[in-house]
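The next block holds one structure in the form of structure tokens; read it before the comments.
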Ligand SMILES: [Zn+2]
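Numbering (this note's numbering), first residue to last: 496 to 682.
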């Protein structure tokens with residue numbers, strides 16, 4: 496089975512590359528689906544990205560200008576989550592780690608409601624993938640302020656790790672150690 500990936504590379508065969516089992520250990524959930532999939536669901540023609548996206552900032556700028564206008568709001572956030580699982584299934588992702596912002600989780604309502612929704616997509620599109628959810632915190636966040644609310648997420652046992660996003664060296668990573676310790680005590 497591991498040969499299929501090498502064959503796919505040598506033969507430039509996209510179907511073999513898709514079929515080869517793979518891991519995706521850093522998936523941004525709302526940004527994890529295919530443009531084509533989203534276009535089909537929304538019945539709109541989403542423009543192709545430029546040949547070069549010019550780094551992470553360029554990628555974010557393209558997302559803001561070309562994706563967000565077509566699918567903003569709560570329902571479309573759910574649609575893009577669904578699309579991320581559809582893509583994981585299409586791409587034969589056998590281990591999938593996906594991160595979610597706390598504001599996004601809160602929009603669903605309860606942590607349990609969020610878990611049920613996400614597991615619904617997981618079972619529908621890639622039931623054989625090992626799935627782990629991560630919680631995203633912006634690097635500039637006030638950790639002490641977030642700490643009380645963090646227990647709400649940690650105690651669910653659903654989130655296996657945290658992801659610090661939006662810039663490096665904003666504050667020492669140690670600021671977030673309380674969070675990782677809390678998760679370690681629960682898992
Ligand atoms: Zn990231």
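For every residue, glycine included, the Cβ atom is placed at its ideal position computed from N, Cα and C.
Remember, predicted model here, so these are calculated numbers, not experimental data.
Beta-carbon contacts of residue i that lie in its chain and below 8 Å, excluding the five residues immediately before and after
{"i": "residue 602", "result": "569, 572"}
Span of the beta strand (DSSP E), counted from its first residue to its last, around residue i
{"i": "residue 594", "result": "588 to 596"}
{"i": "residue 656", "result": "654 to 660"}
C-alpha gap between residue i and residue j, whole angstroms
{"i": "residue 656", "j": "residue 579", "result": "19 Å"}
{"i": "residue 503", "j": "residue 588", "result": "16 Å"}
{"i": "residue 525", "j": "residue 540", "result": "19 Å"}
{"i": "residue 537", "j": "residue 679", "result": "40 Å"}
{"i": "residue 535", "j": "residue 563", "result": "16 Å"}
{"i": "residue 581", "j": "residue 551", "result": "24 Å"}
{"i": "residue 556", "j": "residue 517", "result": "28 Å"}
{"i": "residue 644", "j": "residue 599", "result": "14 Å"}
{"i": "residue 584", "j": "residue 515", "result": "11 Å"}
{"i": "residue 533", "j": "residue 575", "result": "7 Å"}
{"i": "residue 528", "j": "residue 640", "result": "32 Å"}
{"i": "residue 672", "j": "residue 593", "result": "20 Å"}
{"i": "residue 628", "j": "residue 654", "result": "5 Å"}
{"i": "residue 677", "j": "residue 521", "result": "21 Å"}
{"i": "residue 565", "j": "residue 510", "result": "29 Å"}
{"i": "residue 623", "j": "residue 617", "result": "9 Å"}
Coarse secondary structure for residue i, derived from DSSP in three states
{"i": "residue 628", "result": "strand"}
{"i": "residue 634", "result": "coil"}
{"i": "residue 543", "result": "coil"}
{"i": "residue 618", "result": "helix"}
{"i": "residue 517", "result": "strand"}
{"i": "residue 608", "result": "helix"}
{"i": "residue 511", "result": "helix"}
{"i": "residue 601", "result": "helix"}
{"i": "residue 672", "result": "helix"}
{"i": "residue 563", "result": "coil"}
Residue span of the alpha helix (DSSP H) that contains residue i, given as start and end
{"i": "residue 524", "result": "Here residue 524 belongs to no alpha helix (DSSP H), and DSSP marks it neither H nor E."}
{"i": "residue 573", "result": "569 to 585"}
{"i": "residue 443", "result": "Given that the chain is displayed from residue 496 to residue 682, the structure contains no residue 443 and the question cannot be resolved."}
{"i": "residue 556", "result": "550 to 557"}
{"i": "residue 505", "result": "498 to 506"}
Same chain only: Cβ atoms within 6 Å of residue i, ignoring 5 sequence neighbours per side
{"i": "residue 549", "result": "none"}
Cβ neighbours of residue i in the same chain (closer than 7 Å, five flanking residues each side left out)
{"i": "residue 542", "result": "561"}
{"i": "residue 612", "result": "603"}
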